[in-house]
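See structure below.
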Amino acid sequence: MTEAAAAEPVFVPLASEPVAPPRELKEIREAGVLRLLVTRTDADLLPREGSPAALDLARAWDLAEQLGAKPRFIFADDPAALLAAFERGIGDILMLPLEQGATPPWLRTTSPLAQVDEVVAMPATAAAPKRLKDLERTTVAVRRGSRGLQTLQRLDKNIPTVLVAATVDDEDLLQKVGAGEATAAVVDSAAVASYLRYQDDVKAVFTLRSRVSLCWGIRAGAPKLLEATNGAFYEEAMTEHHRAEYGGDLDEIRKRKVLRVAMLNNGASYFLYRGMEAGFQYELARLFAARLDVRLQVIVPDRPGELLTLLADKRVDLAPIPQVGSEDPAFAYTIPFITADLLLVQHASEPPIMSVQGLAGREVHVRASSAYVELLKALQPKVPGLKIVAAPEELETEELIDKVGRREIPLTVANSVLLGVELAHRDDIQGTVALAERQPLVYGLRKDAPALRTKMNQLIERELKGSAYDSIYAKYFQDPKKMRQLHTEASETSGRISPFDILVRKHSANNGLDWRLITAQMYQESRFDPNARSWVGAVGLLQIMPKTGRELGFRNLRDPETNITAATKYMGQLIAQTEPTLPMRQRVRFALAAYNAGAGHVTDARLLAKKLNLDPDRWFGNVEKAMVLLEKPQYYRRARRGFCRGSEPVGYVSRIQTKYDAYATLMPAEGEDLKGD
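Okay, structure coming up:
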């Protein structure tokens, strides 16, 4: 549990909150507080577990944590008062259940958090009306100013209503119905489901409107906050497996079909290049994963010193670390996959330090958690005045090297592998005296995975002698021109994934999507080529079929913005069409499969999954298995939509999930304003 989550919630009445200038994401992070407007939430109205109010509060805590702030809840009885206060500048996020697409121009909505039906509830013993007109003989209780009231009046103005104060929530209305104080009430289906967890005296008898998408509100003048909020919601849902704890040995990894490897985000290990994942350690781990016939999943620690923490917490299977002779005995280790010298790094303009005695009276900046500290401590009795300065734990060695180049710190230590990458593109640093030579880099793993250790040792020993390893090594360490190109282009595109990021961010925000998800699709569909055309006629960056484009109101699909606009609108529709009761990650995965193969084939696969005793509400390991079976006559002949090349959507969803994992790990949800897009 985070420090924010462990603290007591802060609730303050609206009347005591001062009006302040509207804030963007930067100001929120600087203040360390996220202000959220909520309806009455005090000690005598604690939300029940699983209720919409409880889910919203938990979501708010998680969102604040992801945005680097603590939540401050500002409450009032009347939703209309909260809306008016928000317009005046009070609060950062409006936690009212707003309907997507039905807000004033100054207000933007987040990605949908839930979908509900607006229903009429009556006592459990009441006869259910057969048609809407039957309600004209019933007085219906409705919350003053609610969506339900507007829907009821729009559908039939003759239905008598009794307006209940806005301070009463939907579950209070249901309680009045159950107690006989009201004949019927208009409420959201989520409130009925919550109420029926602890009472059984009401029932939903009539649906007024289906699939109403509910969102929170953010001011139109805070696009970065909106982008970050949408990204946080998607990232929380789509990368839940990053936080999952899995133990087990090689057989469990093969069963999961995923090898999880911890890596640092730097020029030698793991980075993005033209929308692709790159780096020596990444490509080497991908080679090992391919030999195991599993998918590679990269997990980047929050801090460089936490590689083994991820391993101990069972969030990764392997963690590459330098072997310096004082390894933690709680873990096991493979044989080395590469060796490196540990070199002193100093500014290029200084006379090079030729021996460790030249460190007398000097300061060396390294992280306290790094392997370099023990080497330096061993030198201190021999080198008078050698001072070890603890660098911030969040800084990568690459960043410490940069600080030396900028003369912000005098000296640091780096392994020759990473330093070689840096020297290929900069001339303001130099590597001088070797504190240790040919130090092995190994994979750490848990002691309860002996089969994985044995297999990795076999693979390392075999692959080090093979052409695939030689090619990877030469690409990163023996071709200075290629290394400069990789780093230069990665630096020039820092903060972006594709040339179309601004357009993707704009239209993803308009449709409540995470732009990194759409960019992962774009990479898979066209490799960012706006002129791409598939063998079946799909067109452009996101391979929209012309028929789909026309149905959405778009024709010039070769135009990048038109194509992106159509695709984000289509993905938003596909996600919205999936059952709102499913977790967001499953809705997105089903939507991706539908984007690739068609929603009808996905429906067929889910029905088949149910018949095969698989979970029709889970994609990986369940519906994806049924999808592949739709290639076989004994299955597709009984499917309503017939044959489907099911292996294509299976691979499509898997590759996009992997690509999204990388983009979400390496790129923030909120992008910078980029020139030239």
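If you count by my numbering, then the sequence shown holds residues 7 to 683, one letter each, in order.
Built from N, CA and C at the ideal position, the CB exists for glycine as well.
No experiment lies behind these values; they were computed from the predicted model shown.
Check	Outcome
Assess contact between the stretch 379-386 and the stretch 248-256, defined as three or more Cβ pairs (one per stretch) separated by less than 8 Å. Is contact present?	no
Report the residue ranges of all beta strand (DSSP E) runs contained in full by the stretch 264-309; include only those spanning at least 3 residues, in chain order.	264-268, 277-279, 282-284 and 301-305
Hey, could you find the ends of the beta strand (DSSP E) Ile478 is sitting in?	Premise fails: Ile478 lies in the alpha helix (DSSP H), Ser473 to Phe483, not in any beta strand (DSSP E).
What residue range is occupied by the uninterrupted beta strand (DSSP E) comprising Ala396?	Lys393 to Ala397
Quick check: the Cα distance between Asp323 and Thr403, rounded to an integer number of angstroms?	23 Å
Checking 8 Å against the spacing of the C-beta atoms, do Ala147 and Ala210 come in under that value?	no
Considering Cα atoms alone, identify which of Arg661, Thr315 and His248 is closest to Thr525.	Arg661
When the Cα of Ala430 is compared with those of Ala474, Gln527 and Tyr482, which residue comes out closest?	Tyr482
What three-state label does DSSP hand Ala199 in the structure shown?	helix
Quick one: grab the DSSP three-state call for Phe596.	helix
State the Cα-Cα distance for the pair Ser514 and Asp621, rounded to the nearest angstrom.	30 Å
Which class does Met673 belong to by DSSP, given the choice of helix, strand or coil?	coil
Is the stretch 414-432 in contact with the stretch 348-355, if contact means three or more CB pairs nearer than 8 Å?	yes
For a quick check, are the C-beta atoms of Asn569 and Ile581 less than 8 Å apart?	no
Buried or exposed: where does Asn562 fall if 16 or more other Cβ atoms within 10 Å of its Cβ makes it buried?	exposed
Pull up the CB-CB distance for Ile305 and Leu458, whole angstroms please, since I reckon it's below 8 Å.	No, Ile305 and Leu458 are not in contact; Cβ-Cβ is about 16 Å, not under 8 Å.
Of the choices Gly652, Ala26, Leu314 and Arg612, whose alpha-carbon is the least far from that of Glu333?	Leu314
Drop a sphere of 10 angstroms on the beta-carbon of Met282, count the other beta-carbons inside from all chains shown, and report buried for 16 or more, exposed for fewer.	exposed
From Phe79 to Arg412, what does the alpha carbon distance come to, in whole angstroms?	43 Å
Kindly indicate the opening and closing residues of the beta strand (DSSP E) around Leu214.	Val208 to Arg225
Could you round the C-beta distance between Leu588 and Tyr658 to whole angstroms and report it? I think they count as a contact, below 8 Å.	In fact, because the Cβ distance is near 19 Å, the residues do not count as touching under 8 Å.
What residue range is occupied by the uninterrupted beta strand (DSSP E) comprising His371?	Glu369 to Arg373
Please name the residue, chosen from Ala196, Gln205, Val174 and Ala197, that lies closest to Gly184 on a Cα-to-Cα basis.	Gln205
Can you tell me whether Gln464 is buried or exposed, with buried defined as 16 or more other CB within 10 angstroms of its CB?	exposed
Nearest to Leu392 by CA position, among Leu406, Asp408, Ala377 and Val362, is which residue?	Val362
Extract the residue ranges of the alpha helix (DSSP H) inside the stretch 552-627, only unbroken runs of 4 or more that lie entirely within it.	552-558, 566-583, 590-603 and 605-617
Give a yes or no on whether the C-beta atoms belonging to Leu30 and Leu231 are separated by under 8 Å.	In the sequence as displayed, the identity of residue 30 is Glu instead of Leu. Result yes, Cβ atoms of Glu30 and Leu231 sit closer than 8 Å.
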